[in-house]
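Student: All residue numbers for the sequence shown refer to this note's numbering, where the first residue is 2 and numbers rise by one.
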Amino acid sequence: MFYFDRTIILLIPAIIVSAIAQFKISSAYNKYSKVTNQRGITGEQAAINILKANGIYDVEVEMVNGRMTDHYDPRAKKLRLSQEVYFGTSIAAVGIASHEVGHAIQHNVSYTPLILRNAIVPAVNFGAGFSWILFLLGLIMGIKPLLTIGIVLFSLTVIFQLVTLPVEFNASNRAIKSIKNMGLLVGNEVNGAKSVLSSAALTYVAAALMSIMSLLRLIVLARGDE
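1. When the Cα of E85 is compared with those of V187, A93 and K78, which residue comes out closest?
2. Kindly indicate which three-state DSSP category K79 falls into: helix, strand or coil?
3. Classify T43: buried if its beta carbon has 16 or more other beta carbons within 10 angstroms, exposed otherwise.
4. With DSSP collapsed to three states, give me the class of M183.
5. Closer than 8 Å by C-beta to V168: which residues in its own chain qualify, once you throw out the five before and the five after it? Chain order, please.
6. Buried or exposed: which applies to N38, given that a residue is buried once 16 or more other Cβ atoms fall within 10 Å of its Cβ?
7. Excluding the 5 residues preceding and the 5 following S196 in the sequence, name in chain order all residues of the same chain whose CB lies nearer than 6 Å to its CB.
8. Are Y205 and L148 close, meaning C-beta to C-beta below 8 Å?
9. With distances taken from CA atoms, which of M211, T90 and I141 is nearest L222?
10. Excluding the 5 residues preceding and the 5 following I220 in the sequence, name in chain order all residues of the same chain whose CB lies nearer than 8 Å to its CB.
11. From M2 to I9, what does the alpha carbon distance come to, in whole angstroms?
12. Taking the beta strand (DSSP E) that V62 falls in, what are its first and last residues?
13. Can you have a look at F136 and say buried or exposed, based on whether 16 or more other CB atoms are within 10 angstroms of its CB?
14. By Cβ distance below 7 Å, which residues in the same chain neighbour Y4 in space, the five residues on each side in sequence not counted?
15. Does M211 pass the burial test, meaning 16 or more other C-beta atoms within 10 Å, or should it be called exposed?
16. Span of the alpha helix (DSSP H) holding Y205?
17. With the cut-off set at 8 Å, would you say D71 and E101 are in Cβ contact?
18. Mind checking who D74 pairs with in its DSSP beta bridge?
19. In the DSSP assignment, what are the bridge partners of T37?
20. Alpha helix (DSSP H) containing N126: first to last residue?
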């Protein structure tokens with residue numbers, strides 16, 4: 002007999018928000034990755050200039066393969082930009098590169114949410130690998146302690162996603178502030194960079210919502226098993 006898990010309904014709002022977020026970031030990036038900034042500076046140049054303006058000289062800017070693979074590695078102190086951003090002179094390239102520098106600045110000034118997020122990464126990775134396994138075993142075998150452990154481990158993912166929000170929003174704010182103050186982009190170009198970064202931020206909101214609703218689903222399933 003076909004069984005329908007009604008708790009799936011809890012995920013629908015998060016799925017909708019995720020779809021909207023992906024549409025917005027794709028639209029914004031596709032639009033502003035085709036518009037060259039007036040100064041003609043590349044993402045690499047923007048990153049180096051902002052790093053120097055903030056007195057950061059020990060972070061290396063390098064290119065990595067792939068699309069949308071841009072990130073800052075705090076352990077290696079390397080700012081890695083995708084080829085499109087590294088060599089790109091688009092508004093999107095400057096905005097994305099500046100955002101990643103925002104993370105380097107956070108690291109340099111010991112921004113508390115970033116430190117907390119980095120500190121819980123090992124625990125989050127462990128929890129992500131075992132939470133569902135333990136929960137499903139507990140559900141199938143009727144072992145309540147396993148259900149509880151699974152929920153607790155998954156809660157680490159929720160905490161990580163929530164802590165990520167201020168980290169990402171703050172990095173974007175630092176990026177836009179630097180872009181404006183240093184004149185890296187001018188006029189409506191700044192609004193274009195804002196559009197790209199705000200759309201990207203929505204994807205983190207969607208991820209946080211999905212993790213919260215998934216946790217709620219686990220709790221409902223656990224109670225239903227009582």
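Think of the CB as a built atom: it goes at the ideal place given N, C-alpha and C, for glycine as much as any other residue.
Tutor: Considering the structure as presented:
1. Comparing Cα-Cα distances from E85 to each of V187, A93 and K78, the minimum goes to A93.
2. In this structure, K79 counts as strand in the three-state DSSP scheme.
3. In summary, T43 is buried, with 16 or more beta-carbon neighbours lying within 10 Å of its beta-carbon over all protein chains present.
4. Residue state, collapsed to three classes: helix.
5. Answer for V168: H104, Q107, Y112, P114, L115 and R118, listed in chain order.
6. With 16 or more other CB atoms across the displayed protein chains lying within 10 angstroms of its CB, N38 is buried.
7. Residues A29 of the same chain have their beta carbon placed closer than 6 Å to that of S196, with the five preceding and five following residues left out of the count.
8. Cβ atoms of Y205 and L148: not closer than 8 Å.
9. The residue from M211, T90 and I141 with its alpha-carbon nearest to that of L222 is I141.
10. By the criterion of a C-beta distance shorter than 8 Å, I220 is surrounded in its chain by I152, once the five residues flanking it on both sides are discounted.
11. Confidence is the limiting factor: at M2 the pLDDT is only 38, short of 50, which leaves the residue's position unreliable and the question unanswerable from this model.
12. Counted as a single uninterrupted DSSP element, the beta strand (DSSP E) harbouring V62 occupies residues E61 to V65.
13. Burial call: buried.
14. The predicted model places Y4 with a pLDDT of 48, which falls under 50 and marks its position as unreliable; any figure quoted below should be read in that light. Non-local beta-carbon contacts of Y4 in its own chain, meaning distances under 7 Å to residues more than five positions away in sequence, are absent.
15. The residue in question, M211, is buried, as its Cβ has 16 or more Cβ neighbours within 10 Å.
16. First-last of the alpha helix (DSSP H) with Y205: N189 to G225.
17. Contact flag set, yes.
18. The partner list for D74 (beta bridge, DSSP) reads K79.
19. Looking at the DSSP output, T37 bridges to S91.
20. Taken as a continuous stretch (DSSP letters only), the alpha helix (DSSP H) holding N126 covers T113 to M142.
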